Amino acid sequence: MRGNRLYKTFINIGGALILGLLLSFFITLFINSLPSIKKYGFDFITSKIWDPVFEKFGAFPFIIGTLLTSFISLIISIPFSISVSLFVAEYYENTFFSRIFETLVDLLAGIPSVIYGLWGFFYIVPIVSNIQIKLSISPTGVSIFTASLVLSIMIIPYASSIAKEVIKLVPNDLKEAGYSLGATRYEVIKNIIFPYAKSGIFAGILLSLGRAIGETMAVTMVIGNSIQLPKNIFQPGNTIASIIANEFTEAVGELHLSSLIELGLILFLITLIINLFANLIIKRHGFEI
Amino acid sequence: MKILKDRLFKFMVIFFALLILLPLFSIIFMIFKNGFSVINLEFLTTLPKPPGETGGGVLNGIVGTLLLVFFASLIAIPLGLIAGIFLYEYREKKIGEVLTTFVDISQGIPSIVVGIISYLWIVKRMGHFSLISGSFALSLIFLPIVAKSTKETLKMIPVYIIEASLSLGVSYPRTILKVVLPSSIGGILSGILLGISRISGETAPLLFTAFGNPFLNFNILKPVSSLPHLIFVYAISPYDNWRKYAWGCSLILVIFVSLMSFLNKLLLKKWKIKF
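Residue numbers (my numbering), protein chains in the order written: chain A, 1 to 289; chain B, 1001 to 1275.
Laid out in C-alpha cells, this is it:
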C-alpha cells in the first residue's frame, strides 16, 4: 500500500498548490503595498493628486476611471449580450444559423486584447474624435468613452455565454404552458424565461464586469493615460489597470512602486469578490462554466 | 398590438445580435487587409531594424512567443494535471468544492496582477527582466485552465471502468495512471490547447517580466520579445512602417490562435468521451 500513500501525498501537493497560490498572491501584494498603506492610509483612495516627483499618491482619478469605463461598457453591452443569448438559445436554437453565429461570437472572445487595442486605436479613436468635434470638445479621440466602447465589444461574449446556458435550462413545459394560454413569444420571454433565468443572466453580467475592470491592454491604448481626474467621459483618463501598465517599469522610488502594487491589490480584491459572487450564483443554478 | 409588440421584440433581438458582427468583421477584415501587405519572407525571418529605417522583421517576437509559451507549458501542464487530479479525487468533499471555486475565481484574476506577482517573485530578486519570469507569469494564468479541464474530463469517466480495473487487482494509483488518464486524454489536451491560445495573446503580464528584446534570445535568464508585446510597442510608435508591422504581428497571432481552437474542435470530435 506504499503506492497508495505516495499517490495521496502527490495529489495533496496539487491541492496545496491551488490553496497556496491565491493566498500567496494576496500576501505578496499586501506586504509589498505596506509602505504605501502606512504612509497614505485611507487617503490613498480619496486623494486626487498623483505626483511621482513629489511622492504624492492618490488613486481617486483611476478608481473613478475604472468605475466609469466598466459601468459604461456594461450598460452598452447588456442589450447586445441578452440579444445574442436569446438569438442562439431561444429564437434560433439548434439551427445551422445559430451554430455559425455562436462560432463567430466565440471568435470575438478569442481575439487577444492587444489586438482590440490596436483596432480601437486606428478605427474607433477617429470616430470618437469626430463626435468630440461635434460636441466642441478638444478632439483627442482617446478618452474614457473610447475605452468603454472597445471594452463593451470585448465583454459581450462573456455575458452572453452564461446567459445562453441558463436560457437553455428553462424547462419546455413552462414555455409551452405559456403558449397554451395564448401568450406571444415576447410575453413568454418576458414573463417566463427572464424570471427563470434572471440570476444566471446576472451572473454572466457580473463575470463580464470583472473582465472589464481588469482589462489592461485594450484600455491602455485608447484611454489617453492622463493622471488628471476626467471632467467628463470624453476626456482622457486612466484606469487602475492602465496606470499600472504605464508606470510600473518606470517607477522610481519605493513609494511609487508600492503605490502601484497597492493598486494591484485593490484590483485583485475587487475582481476576486465579483468572480466569487458570480461563481456562487452559477453553482446554485447547478451547471458548470 | 400584442402581435406588433412580439414582432418588434424579435426584430430588436435580431438587430442587436447581428450588429455585433459589425465590429467582428471590421477587426478581422482590418487584420487581414493591413497584415497581408507587410507579411513576406523578410518579415518572418529577420530581426527588426533600428527605428526609422525600413525593412526588417519580427523574428524576435515569433521566437519569443514560442519560447514563452513553451516554458509556461512546462511549468503549468504537470502542476495543473496534479491539481486537477486532486480536485477530481476530492470532488465530493468540502475541500474539493472550495478549491474548485478557488480555481474558478483565479481564472478571473486580471493578467496585469499576475504580472506584478511574477515581477515581485522573480524579476525583483534577479534584478533584471527575463524570459523565465514572463513564462512564469503566463503559467499562473495557464495552470487553473489545465486543472479545471482535467477535473471536468476525469469526472466523465464512468465508475465501472475504475471498478473493473480494481477488480483485476490493479492498484488504485495505477488505475488512475493507466486507465483513467489515458481515456481522458482528449479532454485534457483540449484544455491545454485552450490555455495555449489564451496565453499566447497575453500582453499585460509580459510588460514588466519578459519586457522585450530587439535581438534573438534563447537564454531563459535574459529578456525576450513576443508578438503581443511587439503589437503594443509598434502600435503606439510614431513610425508609419512600425505601425504597419503591428498589423502583421496581429495577423500571425490571430492565425496561431485560430489554429489552436481549430485543433481543439477536431480533438473534441475525435476523442469525445463516450461509453
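Glycine included, C-beta positions come from ideal geometry on N, C-alpha and C.
All values reported here derive from a predicted model rather than from experimental measurement.
If you reduce the DSSP assignment to three classes, tell me which class residue 1218 of chain B lands in. Assigned with DSSP and collapsed to three states, residue 1218 of chain B falls in coil, not helix or strand.
Throw me the rounded Cβ distance for the residue 174 of chain A and residue 192 of chain A pair, which I believe falls under 8 angstroms. That belief holds up - the Cβ atoms of residue 174 of chain A and residue 192 of chain A are roughly 5 angstroms apart, short of 8 angstroms.
Beta-carbon of residue 205 of chain A versus every beta-carbon of chain B: anything under 8 angstroms? So, not an interface residue.
Would DSSP call residue 50 of chain A helix, strand or coil? It is a strand residue.
Simplified DSSP state of residue 1212 of chain B, which is helix, strand or coil: The answer is coil: DSSP assigns residue 1212 of chain B none of H, G, I, E or B.
Output yes if chain B places a C-beta closer than 8 angstroms to the C-beta of residue 83 of chain A; else output no. Flagged as an interface residue toward chain B: residue 83 of chain A, by a C-beta distance shorter than 8 angstroms.
Who does residue 175 of chain A pair with in a DSSP beta bridge? Residue 175 of chain A is not bridged to any residue.
State yes or no: is the beta carbon of residue 1030 of chain B nearer than 8 angstroms to at least one beta carbon in chain A? The Cβ of residue 1030 of chain B sits closer than 8 angstroms to at least one Cβ of chain A.
Residue 1238 of chain B, DSSP secondary structure in three states: Here DSSP, grouped into helix, strand and coil, assigns residue 1238 of chain B to coil.
Terminal residues of the continuous alpha helix (DSSP H) containing residue 1033 of chain B? Note, residue 1033 of chain B: alpha helix (DSSP H), 1021-1036.
Tell me which residues of the stretch 100-112 of chain A have at least one Cβ-Cβ distance to chain B shorter than 8 angstroms, keeping chain order. Of all residues in the stretch 100-112 of chain A, 101, 104, 105, 106, 107, 108, 110, 111 and 112 have a Cβ within less than 8 angstroms of some Cβ in chain B.
List the endpoints of the continuous alpha helix (DSSP H) containing residue 1044 of chain B. Its alpha helix (DSSP H) spans residues 1041-1045.
Looking at chain A, which residues of the stretch 1201-1216 of chain B have a Cβ within less than 8 angstroms of any of its Cβ atoms? Answer in chain order: 1201, 1202, 1203, 1204, 1207, 1208 and 1211.
Below 8 angstroms CB to CB, which residues in the same chain sit around residue 170 of chain A once its five sequence neighbours on both sides are set aside? For residue 170 of chain A, where only same-chain residues beyond five positions count, the Cβ hits under 8 angstroms are 192, 193, 196 and 197.
Proximal residues to residue 1124 of chain B (C-beta, below 6 angstroms), its chain only, five neighbours per side dropped: Taking residue 1124 of chain B as the centre and dropping the five residues before and after it, the same chain places no C-beta closer than 6 angstroms to its C-beta.
Suppose only complete runs of 4+ residues qualify. What are the alpha helix (DSSP H) ranges in the stretch 36-105 of chain A, listed by chain order? Within the stretch 36-105 of chain A, the complete alpha helix (DSSP H) runs of at least 4 residues are 43-46 and 60-86.
Around the Cβ of residue 80 of chain A, are there at least 16 other Cβ atoms within 10 angstroms (buried) or fewer (exposed)? By the neighbour-count rule (16 or more Cβ atoms within 10 Å), residue 80 of chain A is buried.
Using a 10 Å radius around the Cβ and a threshold of 16 neighbouring Cβ atoms, would you call residue 1239 of chain B buried or exposed? Looking at its Cβ environment, which holds fewer than 16 other Cβ atoms inside 10 Å, residue 1239 of chain B is exposed.
Per-residue burial, residue 1042 of chain B [other beta carbons within 10 Å of its own, 16 or more giving buried]: By the neighbour-count definition (other C-beta atoms within 10 Å, threshold 16), residue 1042 of chain B is an exposed residue.
Take residue 1225 of chain B and list the residues in its own chain whose beta-carbon comes closer than 6 angstroms to its own, dropping the five residues that flank it on each side. Non-local C-beta neighbours of residue 1225 of chain B in its own chain, meaning closer than 6 angstroms and more than five positions away in sequence, comprise 1060, 1061, 1064, 1212 and 1213, ordered along the chain.
If you draw a straight line from the C-alpha of residue 1263 of chain B to the C-alpha of residue 1119 of chain B, how long is it? Residue 1263 of chain B and residue 1119 of chain B: Cα-Cα distance of roughly 33 angstroms.
Helix, strand or coil: which one does DSSP assign to residue 1228 of chain B? Three-state DSSP puts residue 1228 of chain B in a helix.
Per-residue contacts from residue 1262 of chain B into chain A (C-beta, under 7 angstroms): At a C-beta separation below 7 angstroms, residue 1262 of chain B has no neighbours in chain A, since its nearest C-beta there lies roughly 11 angstroms away.
Taking the DSSP output, what are the residues bridged to residue 1223 of chain B? None, per the DSSP bridge assignment.
By the criterion of Cβ-Cβ separation under 9 angstroms, what are the contact partners of residue 1101 of chain B in chain A? Within chain A, the residues near residue 1101 of chain B are 276, 279, 280 and 283.
Residue 1072 of chain B at chain A interface by Cβ criterion, 8 angstroms: The beta-carbon of residue 1072 of chain B is placed no less than 8 angstroms from the nearest beta-carbon of chain A.
In terms of residues, what are the limits of the alpha helix (DSSP H) holding residue 1001 of chain B? For residue 1001 of chain B, no alpha helix (DSSP H) segment is defined, and its DSSP state is neither H nor E.
Under DSSP, the alpha helix (DSSP H) around residue 1160 of chain B begins and ends at which residues? Run containing residue 1160 of chain B: 1159-1167, per the alpha helix (DSSP H) assignment.
Report back the beta-carbon spacing between residue 229 of chain A and residue 278 of chain A to the nearest angstrom; my notes put them in contact at under 8 angstroms. Going by Cβ atoms, the distance from residue 229 of chain A to residue 278 of chain A rounds to 30 angstroms, so no, they are not a contact pair.
Would you please state the rounded distance, in angstroms, between the beta carbons of residue 204 of chain A and residue 267 of chain A? I believe it to be under 8 angstroms. That pair is no contact at about 21 angstroms.
Is the separation between the beta-carbon of residue 146 of chain A and that of residue 120 of chain A shorter than 8 angstroms? Contact annotation: residue 146 of chain A and residue 120 of chain A have beta-carbon atoms nearer than 8 angstroms.
Could you tell me the boundaries of the alpha helix (DSSP H) in which residue 1050 of chain B lies? No alpha helix (DSSP H) holds residue 1050 of chain B; DSSP gives it neither H nor E.
Three-way DSSP call (helix, strand, coil) for residue 224 of chain A in this model: In the three-state scheme derived from DSSP, where H, G and I count as helix and E and B as strand, residue 224 of chain A is classed as strand.
If you follow the alpha helix (DSSP H) that residue 132 of chain A is part of, which residue opens it and which one closes it? Where residue 132 of chain A is concerned, the enclosing alpha helix (DSSP H) stretches over 125-134.
Closer than 6 angstroms by C-beta to residue 1232 of chain B: which residues in its own chain qualify, once you throw out the five before and the five after it? Chain order, please. For residue 1232 of chain B, where only same-chain residues beyond five positions count, the Cβ hits under 6 angstroms are 1203.
Drop a sphere of 10 angstroms on the beta-carbon of residue 1084 of chain B, count the other beta-carbons inside from all chains shown, and report buried for 16 or more, exposed for fewer. Residue environment: residue 1084 of chain B is assigned as buried (16 or more neighbouring CB atoms within 10 Å of its CB, all protein chains considered).
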